[in-house]
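Chains as they are written, first to last, in this note's numbering: chain U, 13 to 508; chain R, 13 to 508.
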């Protein structure tokens with residue numbers, strides 16, 4: 013059960029005045045007032061929670077975003093930014109007394125710069141749209157969340173999105189070079205650029221993954237990569253989860269960084285095989301799909317090395333794709349695993365946590381014990397190379413108490429992740445979903461320091477409040493931002 | 013000419029009381045009071061500037077660091093942290109009214125974790141010491157600043173240090189997984205860990221490269237990599253700087269990421285060849301040394317590809333190393349280039365700026381024009397793949413006005429870097445050296461936001477003040493860190 017701040021009645025009372033003010037900033041159909049049209053924005057990918065926003069505004073220019081934020085700042089009105097609304101942690105969940113600021117009209121590709129291997133786009137361009145814009149040049153954008161057809165690069169920046177390829181090519185934060193950012197008071201600043209590194213504090217780094225709480229991104233520069241000359245996939249079955257887990261750890265320890273290294277447990281293998289007939293070994297307790305990319309000679313070398321490791325850890329079957337069609341077939345089962353598992357149960361709840369790789373066997377074992385406790389089944393399909401788990405908890409929302417049991421189960425899994433040295437999220441963000449678990453991972457000193465940083469960007473806590481942090485308004489106590497004003501004169505320093 | 017804040021006379025008057033307080037925290041010989049012993053700490057690698065610190069303290073435990081900072085915070089005493097003192101930008105330059113906090117006694121390797129491919133060390137361990145600690149397992153730590161024998165990992169974290177291998181393997185910020193950090197008020201927090209990504213804002217990312225101004229690091233976890241199975245170097249001569257610059261841009265645009273890609277201009281080639289006899293082509297206007305690593309088949313494939321690109325851009329000579337001894341010989345000239353250039357002139361000033369790769373030819377051309385204006389010669393030896401320039405300005409400090417001319421020349425080069433879309437630093441940091449140029453790169457909004465972030469960590473500006481930011485004490489004006497304290501109640505949100 014997730015709680016959100018009580019709405020500010022004084023703001024609600026001024027609703028029509030606020031709508032009028034927004035219409036002066038964004039003329040035409042960019043301000044959505046009617047309840048029926050607002051309903052399209054009432055939830056994101058965390059569909060169990062819904063809230064009609066007070067009003068929706070869809071600006072088209074950075075200047076409009078700046079004016080909207082300046083107005084909201086002056087009038088203390090909360091703002092929830094939104095990309096495509098695919099967040100699985102409720103990052104774009106609206107507020108009853110807040111404006112929903114949609115960036116859906118920021119859809120232009122601004123510049124393709126092949127020599128510097130980067131592209132400049134507006135935040136509403138989809139993740140896949142970036143790769144499509146440069147595919148003629150043999151290039152692509154590496155982070156590839158499962159929602160890449162729909163999710164936007166602005167949302168990817170907010171959530172530090174991942175995907176299968178992030179093991180080798182990094183998360184969003186490793187692929188973003190620069191942004192244009194509108195601060196809550198309307199100021200427009202630029203962070204990073206097309207260059208390598210920068211002077212001063214890494215504001216760009218802190219922005220990526222800040223879940224819409226530090227500012228609104230209105231332009232993004234990302235690096236683009238050449239497609240590898242070739243790729244082949246290995247499909248390896250194991251009699252035990254532990255064996256598969258140890259294989260993953262040893263591949264990484266040996267120094268091989270596959271293009272992707274995914275694991276599925278028995279329930280997921282069964283569901284995927286029934287759905288797409290990829291030829292998965294139905295007798296295996298765990299399946300690894302490991303993709304190796306590069307030139308042909310390098311791939312051959314890596315396949316031999318990975319096969320030897322798998323064999324040492326008790327692999328019961330091992331097949332290497334012999335054609336591009338077969339490689340895609342191996343992946344088809346993995347990519348369809350979520351909908352395939354969805355056929356087993358009326359509803360499922362997709363969790364997201366990360367653990368040290370060598371704990372994979374232990375954690376999956378402990379999850380099996382929890383299944384008995386909560387009387388719910390779990391299928392596991394996840395980014396094994398990153399240690400990024402995605403347990404799918406099967407439940408039926410129509411049975412009283414099952415959603416609550418699924419949530420409690422999910423929370424127990426996340427506590428376990430932290431207990432073994434991991435973290436609460438790998439790529440879905442904290443949002444509202446995991447907010448109240450932040451205390452299991454961070455102590456008060458840690459959270460206070462995070463809050464101080466938040467205040468340095470948005471001192472009134474107007475941007476996406478109620479997300480990520482269980483304590484909302486500690487700024488007033490923490491805000492010891494005062495210096496003795498002397499020492500401004502810079503005398504000469506002796507030089508030798 | 014660099015200016016520093018005027019000393020606080022009230023603090024200077026309390027010097028002996030402060031020394032006594034520090035001695036109660038760090039017993040024995042950990043507090044250095046005498047002027048002759050303090051002199052060892054009066055400068056770092058930016059040797060043109062010196063300042064005796066008020067007192068030096070060398071703690072041995074995190075608890076002592078915490079107590080020292082808590083005391084300094086309560087008494088408003090400034091603190092300058094220091095690793096090995098190899099900063100080239102004056103990052104560890106002491107303050108007349110400040111404590112120099114040396115981390116030289118934090119020298120222990122705490123844990124080697126091969127399965128998770130990381131190592132936990134104290135901040136006083138040298139950069140090379142980390143690689144040596146894991147070399148028996150075939151592993152190493154990738155970032156490799158030229159000073160790696162002496163510089164410490166704590167200093168690397170503060171400066172986000174680079175090196176030849178950073179083109180392929182990333183800067184310090186891409187290789188640090190976690191730290192233990194003591195805040196200015198003595199609080200101890202942990203950022204990151206051994207895991208991938210984290211929840212909340214990326215405090216670890218903002219800490220790396222913060223030049224000792226956000227907190228004092230007392231423990232560091234970094235990732236370690238397996239040594240590549242093989243490596244060969246190409247030595248390619250060009251008749252023009254432009255040809256070499258275009259070759260660099262095309263190698264990267266093609267998607268090849270060499271293990272290192274370094275450029276030297278004619279003056280540097282001459283000096284290095286005279287010093288180490290590496291067989292460099294003395295008729296070339298520019299030389300590239302490009303290292304390709306991986307398995308043998310991959311290296312052969314990459315060498316052929318790079319040779320073809322070089323030939324298209326007018327290479328006049330091209331040799332691939334045929335043995336490990338020859339590979340090391342190719343590098344010997346590059347590695348000795350700084351001392352080799354040092355033999356041409358009584359003094360040299362090593363600059364550090366970064367530009368988009370395709371601007372290399374233009375910028376080196378403009379630098380030649382500046383040589384005439386300033387009547388000083390420049391040798392160029394630099395990380396071409398990163399666009400990270402290191403012009404060495406030759407001067408004689410004993411000739412009146414030459415140091416000033418060299419500094420002015422250096423500042424003009426940095427302004428040029430920014431003008432073509434680059435930045436003020438690649439790996440040396442801003443420190444005091446480039447502080448007064450920050451305004452050429454950032455506008456007031458940008459700098460204000462950086463300052464707000466600083467205030468969120470160190471609201472009294474006690475940690476390493478006078479470094480990086482030209483405006484020291486804007487916190488008081490900027491510190492709008494107040495929230496309306498309501499909205500703390502979290503009512504249930506309707507659920508569907």
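All C-beta atoms in this analysis are idealised placements derived from N, C-alpha and C, irrespective of residue type, glycine included.
- [ ] Would you kindly report the start and end of the unbroken beta strand (DSSP E) that includes residue 90 (chain U)?
- [x] For residue 90 (chain U), the enclosing beta strand (DSSP E) starts and ends at 90-94.
Open item on the list: Please classify residue 161 (chain R) as buried or exposed, where buried requires at least 16 other C-beta atoms within 10 Å of its C-beta.
Closed with: Around the C-beta of residue 161 (chain R), fewer than 16 other C-beta atoms lie within 10 Å, and the residue is accordingly described as exposed.
Task: Amino acids of chain U, ordered along the chain, whose beta-carbon sits closer than 9 Å to that of residue 261 (chain R) - done: Think of a sphere of 9 Å around the beta carbon of residue 261 (chain R): the chain U residues whose beta carbon falls inside it are 127 and 128, in chain order.
Open item on the list: Using a Cβ-Cβ distance cut-off of 8 Å, determine whether residue 464 (chain U) contacts chain R.
Closed with: Chain R contact via Cβ: present.
Task: DSSP-derived helix/strand/coil call for residue 440 (chain R) - done: In the structure shown, residue 440 (chain R) sits in coil (DSSP, three-state: anything other than H, G, I, E or B).
- [ ] Please go through the stretch 21-74 of chain R and give each complete alpha helix (DSSP H) segment of 4 or more residues, from N-terminal end onward.
- [x] If we require 4 residues or more, the alpha helix (DSSP H) runs fully inside the stretch 21-74 of chain R come out as 21-25, 27-37 and 47-50.
Task: In DSSP terms, what residue 366 (chain R) is bridged to - done: According to DSSP, residue pairing for residue 366 (chain R) in a beta bridge involves R:400 and R:435.
Open item on the list: Please state the DSSP three-state secondary structure of residue 303 (chain U).
Closed with: Looking at residue 303 (chain U) - three-state DSSP - the assignment turns out to be strand.
Open item on the list: Given this structure, state the Cα-to-Cα distance separating residue 139 (chain R) from residue 350 (chain R), to the nearest angstrom.
Closed with: The alpha-carbon atoms of residue 139 (chain R) and residue 350 (chain R) are separated by roughly 20 Å.
Task: Whole-Å CB distance - residue 310 (chain R) paired with residue 310 (chain U), under 8 Å assumed - done: About 4 Å separates the two Cβ atoms, so the contact holds.
- [ ] Helix, strand or coil for residue 238 (chain U), going by three-state DSSP, please let me know.
- [x] In this structure, residue 238 (chain U) counts as strand in the three-state DSSP scheme.
TODO: Check distances from the C-beta atoms of the stretch 75-102 of chain R to those of chain U and list, in chain order, the residues that come in under 8 Å.
DONE: Within the stretch 75-102 of chain R, the qualifying residues are 88.
TODO: Check whether the Cβ atoms of residue 360 (chain R) and residue 300 (chain R) sit closer than 8 Å, and answer yes or no.
DONE: Cβ atoms of residue 360 (chain R) and residue 300 (chain R): not closer than 8 Å.
Task: Inter-stretch contact at 8 Å, needing at least 3 Cβ pairs: the stretch 228-236 of chain U / the stretch 237-250 of chain R - done: Touching, no, given that fewer than three Cβ pairs across the two stretches are closer than 8 Å.
Open item on the list: I'd like to know if the stretch 269-288 of chain R and the stretch 352-369 of chain R are in contact, where contact means that at least 3 CB-CB pairs between them fall below 8 Å.
Closed with: Segments in contact, yes.
Task: Spatial distance of residue 505 (chain R) from residue 65 (chain U) (CA atoms) - done: The pLDDT assigned to residue 505 (chain R) is 43, lower than 50, so where the model puts this residue is not dependable; a value taken from the coordinates is nonetheless given after this. Going from the Cα of residue 505 (chain R) to the Cα of residue 65 (chain U) covers about 13 Å.
Task: C-alpha gap between residue 6 (chain R) and residue 67 (chain R), whole angstroms - done: Because residue 6 (chain R) is not part of the residues shown, which for chain R are 13 to 508, the question remains open.
Task: Length of the line joining the Cα atoms of residue 365 (chain R) and residue 116 (chain R) - done: Rounded to the nearest angstrom, the gap between the Cα atoms of residue 365 (chain R) and residue 116 (chain R) is 29 Å.
Task: Nearest-angstrom Cα separation, counted from residue 244 (chain U) out to residue 335 (chain U) - done: Cα to Cα, the separation comes out at about 8 Å.
Open item on the list: I'd like the list of long-range same chain contacts for residue 158 (chain U), defined as Cβ closer than 8 Å, with 5 residues on each side in sequence excluded.
Closed with: Excluding five sequence positions before and after residue 158 (chain U), the CB atoms of its chain that fall closer than 8 Å to its own CB belong to 175, 347 and 350, given in chain order.
Task: Sub-8 Å separation of residue 436 (chain U) and residue 426 (chain U) beta-carbons - done: Yes; because the gap between Cβ atoms is below 8 Å, this pair is in contact.
Open item on the list: For a contact defined as C-beta to C-beta under 9 Å, what are the partners of residue 172 (chain R) on chain U?
Closed with: Near residue 172 (chain R) (Cβ distances below 9 Å), the residues of chain U are 209 and 214.
Open item on the list: Within 10 Å of its beta-carbon, does residue 441 (chain R) have 16 or more other beta-carbons around it, so buried, or fewer, so exposed?
Closed with: Buried.
Open item on the list: Does the structure place the stretch 200-211 of chain U close enough to the stretch 464-480 of chain U that three or more beta carbon pairs sit under 8 Å?
Closed with: Segments in contact, no.
TODO: Might you give, ordered along the chain, the residues of its own chain that have their beta carbon closer than 8 Å to the beta carbon of residue 17 (chain R), omitting 5 neighbours on each side?
DONE: For residue 17 (chain R), where only same-chain residues beyond five positions count, the Cβ hits under 8 Å are 107, 477, 478 and 484.
Open item on the list: Considering only DSSP beta bridges, list what residue 130 (chain R) is partnered with.
Closed with: Residue pairing of residue 130 (chain R) in beta bridges, as defined by DSSP: R:125 and R:235.
Task: Other residues of its chain near residue 185 (chain U): CB distance less than 8 Å, five sequence neighbours each side excluded - done: 172, 217, 220 and 221.
- [ ] Go ahead and label residue 56 (chain R) buried or exposed: buried means 16 or more other beta carbons lie within 10 angstroms of its beta carbon, across all protein chains shown.
- [x] That one is buried.
TODO: Determine the extent of the beta strand (DSSP E) in which residue 16 (chain U) is found, giving its start and end residues.
DONE: No beta strand (DSSP E) contains residue 16 (chain U), which DSSP labels as neither H nor E.
TODO: Taking a Cβ distance cut-off of 7 Å, strictly less, list which residues of the stretch 278-311 of chain R are near chain U, in chain order.
DONE: The residues in question are 306, 307, 309 and 310.
Open item on the list: Could you compute how far the alpha carbon of residue 249 (chain U) sits from the alpha carbon of residue 151 (chain R)?
Closed with: Residue 249 (chain U) and residue 151 (chain R): Cα-Cα distance of roughly 30 Å.
Open item on the list: Quick check on the DSSP output: what are the complete beta strand (DSSP E) runs of length 3 or more inside the stretch 303-374 of chain R, in order along the chain?
Closed with: Counting only unbroken stretches of 3 or more residues, the beta strand (DSSP E) elements lying wholly within the stretch 303-374 of chain R are 327-332 and 359-362, in sequence order.
- [ ] For residue 41 (chain U), count neighbouring C-beta atoms within 10 Å of its own C-beta (all shown protein chains included) and say buried if the count is 16 or more, exposed if not.
- [x] Around the C-beta of residue 41 (chain U), fewer than 16 other C-beta atoms lie within 10 Å, and the residue is accordingly described as exposed.
Task: Start and end residues, beta strand (DSSP E) containing residue 192 (chain R) - done: Segment 188-194, the beta strand (DSSP E) holding residue 192 (chain R).
- [ ] Could you check the C-alpha separation between residue 486 (chain U) and residue 191 (chain U) for me, to the nearest Å?
- [x] Caution applies to residue 486 (chain U), whose pLDDT of 49 falls short of 50 and renders its modelled position unreliable; the model cannot decide the point.
Open item on the list: My assumption, with CB atoms under 8 Å, is that residue 367 (chain U) sits in contact with residue 434 (chain U). Please give the rounded CB distance.
Closed with: Right, their Cβ atoms sit about 4 Å apart.
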